[in-house]
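A.B. asks: Using our numbering, read the sequence shown as starting at 813 and increasing by one per residue. C-beta: ideal position from N, C-alpha, C; glycine also. Here the structure is a predicted model, which is why all the values come from computation and not from measurement.
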Amino acid sequence: MSEPTDLTQKAEKLDAGDELASKRAEFVLDGPEGAVYLDGNSLGALPVAVPGRVADVVGRQWGEMRIRSWTESGWWTAPERIGDRIAPLVGAAAGQVVVGDSTSVNVFKALVGAVRLAQENGPGRDEILVDATTFPTDGYIAGSAARMTGCALRPVEPSEVPGALGERTAAVLLNHVDYRTGRLHDLPSLTAAVHAAGAYAVWDLCHSAGALPVGLDAHGVDLAVGCTYKYLNGGPGSPAYLYVRADLQDRFDSPLPGWNSHAEPFGMRSAYTPAEGAVRGRVGTPDILSMLALEAALEVWDGVTVEAVRAKSLALTDFFLECVGEYVPEGRVECLTPLPHAERGSQVALRCADAGPVMRRLIDRGVVGDFRHPDVLRFGFTPLYVGFADVERAARVLAEELR
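1. Pick out the complete alpha helix (DSSP H) segments inside the stretch 1169 to 1196, 4 residues or longer, and give them in chain order.
2. Classify Arg928 as helix, strand or coil using the three-state DSSP reduction.
3. Just reading off the beta strand (DSSP E) that Thr981 is part of, what are its end residues?
4. Which residue's Cα is closest to the Cα of Leu841: Gly829, Leu832, Asp830, Gly856?
5. Threshold first: 3 residues or longer. Then list the beta strand (DSSP E) segments lying entirely within the stretch 896 to 925, N to C.
6. Can you tell which of Gly1192, Ala1087, Pro1069, Trp1113 has its C-alpha closest to the C-alpha of Asp990?
7. Sort out for me which residues DSSP pairs Gly1038 with in a bridge.
8. Can you give me the Cβ contacts of Ala1004 inside the same chain, cut-off strictly under 8 Å, excluding the 5 residues immediately before and after it?
9. Touching or not, the stretch 930 to 937 and the stretch 1116 to 1123, by the rule of three or more beta carbon pairs under 8 Å?
10. Using the Cβ count rule (16 or more neighbours within 10 Å means buried), how would you classify His988?
11. So, do the stretch 1089 to 1106 and the stretch 894 to 910 have three or more beta carbon pairs nearer to each other than 8 Å?
12. So, helix, strand or coil for Tyr1139, using DSSP?
13. With DSSP as the reference, label Glu972 as helix, strand or coil.
14. Quick one: Cα of Val1037 to Cα of Asp818, how far?
15. Specify the secondary structure class of Ser814 as computed by DSSP and reduced to three states.
16. Under a three-way DSSP split, which group does Pro859 fall into?
17. Return the CA-CA distance between Ala823 and Ala957, expressed in angstroms with no decimal places.
18. Measure the beta-carbon distance from Leu1106 to Gly1199 and round it to whole angstroms, keeping in mind my assumption that it falls under 8 Å.
19. Is the separation between the beta-carbon of Ile953 and that of Val1006 shorter than 9 Å?
20. When the distance is taken between beta carbons, is Ala1161 closer than 9 Å to Val862?
21. For Pro1086, list the residues DSSP reports as bridge partners.
22. Starting from Gln1159, follow its DSSP beta bridges and name the residues at the other end.
23. By the 10 Å Cβ neighbour count, where 16 or more other Cβ atoms means buried, how is Ala899 classified, buried or exposed?
24. Spatial neighbours of Ala1052 within its chain, please: C-beta separation below 7 Å, excluding the five flanking residues on both sides.
25. Specify the secondary structure class of Val848 as computed by DSSP and reduced to three states.
26. Give the C-beta separation of Leu985 and Leu923 to the nearest angstrom, bearing in mind that I take them to be a contact with Cβ-Cβ under 8 Å.
27. Once DSSP output is grouped into helix, strand and coil, what is the label at Val866?
28. Start and end of the alpha helix (DSSP H) containing Ile953?
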């Protein structure tokens, strides 16, 4: 095994050439000396601008201005304004993303809306395909959407979707990146296959937005959802977002119509008339405190391109795998994350027989990742604040705990 100093020196050189290195100062990364935070794929670190912004929202906008802030402080327009801030990070033009509600609620809105679009086009579309490896909630929501729309639900592996599509397929719900393994699925080709079958594609971007280019507009994605508390660093429970492609918005029939998405929200009409554009993705009163914290958090993206983030993400995960290969005793871990760049998100998942106890020991030593049942060590790499020295130290400590 190579001496740690060899890769330590390489990490120093990589950090010296890192064009995103200055972004680290825009995050609160306090903790034990030498702590390494590799769990941004579960909860992003706190951007330094957020506490002051939240204090202003609470103390001045709410405390002093009170109801006037809905107009004078821009509260009412926040869901679309912040949606437009997220849009470039997922490859979307303005006017197609609205922020609000949880990821689960938005998955439900998007999937039922997609089925209704398909069924409006003609009879016989009575089947929903769902990623068989999906995060459990997406599967639960898909089952409920199927019952509500009179559809059958078919779980399939993403690679098997093209062969499973048919004349009955109404909608397909897929994850861009697998939450367990970090596998990146082929959004362009899978979306094209769904469209060729006359169905609608709904993508869950929770583990890709803010970590790699998505290209929603470029690839003709119909609807998409995502959380904001992972790579977008919006904070615990920060509101999710819903993307509806511009040319589908006038036909999007949300299963959760609310007064906030009404064409005349203050008209208090008994009959529902949906608003135009992305606004019809709203439901009820926006969660202003967490929404404006998210808006402040998104300022860290000023001057940053998703392409630069992706390049560093791949470099970080490549280097971590190199360090693991050099430091970790042979046979102690198995990499579940694909090695080809085109198939890799921004995390590395390692199978380890005693993963739970190992991760607890790593956290005790200041290397914070997470554990997924039954035997997966998961390390997330957020390029805006993770450096190459962090990566080298994480692999070295891991090796020490596995010896």
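C.D. replies: This is what the structure holds:
1. none
2. Residue numbering aside, residue 928 sits at position 116 when the sequence shown is read from its first letter. Arg928: helix per DSSP, three-state reduction.
3. Counting from one through the sequence shown, the residue named residue 981 turns up at place 169. That run of the beta strand (DSSP E) goes 981 to 987.
4. Against the sequence shown, residue 841 aligns to sequence position 29. The candidate whose alpha carbon is nearest that of Leu841 is Gly856.
5. 909 to 911
6. In the sequence shown, counting from the first residue as 1, residue 990 sits at position 178. The option with the nearest alpha carbon to Asp990 is Gly1192.
7. Residue 1038 sits at position 226 when you count from the first residue of the sequence shown. DSSP, once it has assigned bridges, lists Tyr1053 as partnering Gly1038.
8. Residue numbering aside, residue 1004 sits at position 192 when the sequence shown is read from its first letter. Answer for Ala1004: His1031, Gly1032, listed in chain order.
9. no
10. For this step, residue 988 is matched to residue 176 along the sequence shown. Under this definition His988 is a buried residue.
11. yes
12. What you label residue 1139 is simply residue 327 of the sequence shown in a count that begins at 1. Helix, per DSSP.
13. Within the sequence shown, residue 972 is the residue found at index 160, counting from 1. Three-state result, Glu972: helix.
14. By one-based count along the sequence shown, residue 1037 stands at place 225. By one-based count along the sequence shown, residue 818 stands at place 6. Cα to Cα, Val1037 sits roughly 43 Å from Asp818.
15. Locating residue 814 in the sequence shown gives position 2, where the first residue counts as 1. Note that Ser814 scores a pLDDT of 44, beneath 50, so its modelled location is shaky and nothing firm can be said.
16. As a first step, residue 859 must be located in the sequence shown, where it is residue number 47. Pro859: strand per DSSP, three-state reduction.
17. Stepping through the sequence shown from its first residue, residue 823 is reached at position 11. Stepping through the sequence shown from its first residue, residue 957 is reached at position 145. Cα to Cα, Ala823 sits roughly 48 Å from Ala957.
18. The residue given as residue 1106 occupies position 294 in the sequence shown. The residue given as residue 1199 occupies position 387 in the sequence shown. Incorrect: roughly 25 Å between the Cβ atoms, too far for contact.
19. Counting from 1 along the sequence shown, the entry for residue 953 is found at position 141. Counting from 1 along the sequence shown, the entry for residue 1006 is found at position 194. No, Cβ-Cβ distance for Ile953 and Val1006 is not below 9 Å.
20. One-based indexing of the sequence shown puts residue 862 at position 50. One-based indexing of the sequence shown puts residue 1161 at position 349. It is not a contact, given that the beta carbons lie outside the stated cut-off.
21. Working through the sequence shown from its first residue, we reach residue 1086 at position 274. In DSSP, Pro1086 forms a bridge with His1074.
22. Residue numbering aside, residue 1159 sits at position 347 when the sequence shown is read from its first letter. Partner(s): Gly1192.
23. Numbered from 1 along the sequence shown, position 87 holds the residue referred to as residue 899. So Ala899 counts as buried.
24. If you number the sequence shown from 1, residue 1052 lands on position 240. Around Ala1052: Asp913, Ser914, Thr915, Asn918, Val1037, Gly1038, Cys1039, Thr1040.
25. Numbered from its first residue, the sequence shown carries residue 848 at position 36. Three-state result, Val848: strand.
26. Position 173 of the sequence shown, counting from 1, holds the residue named residue 985. Position 111 of the sequence shown, counting from 1, holds the residue named residue 923. Contact holds; Cβ gap of about 6 Å.
27. In the sequence shown, residue 866 corresponds to position 54, counting from 1. DSSP places Val866 in helix when its eight states are reduced to three.
28. Looking up residue 953 in the sequence shown gives position 141. 948 to 961 is the span of the alpha helix (DSSP H), which, as asked, contains Ile953.
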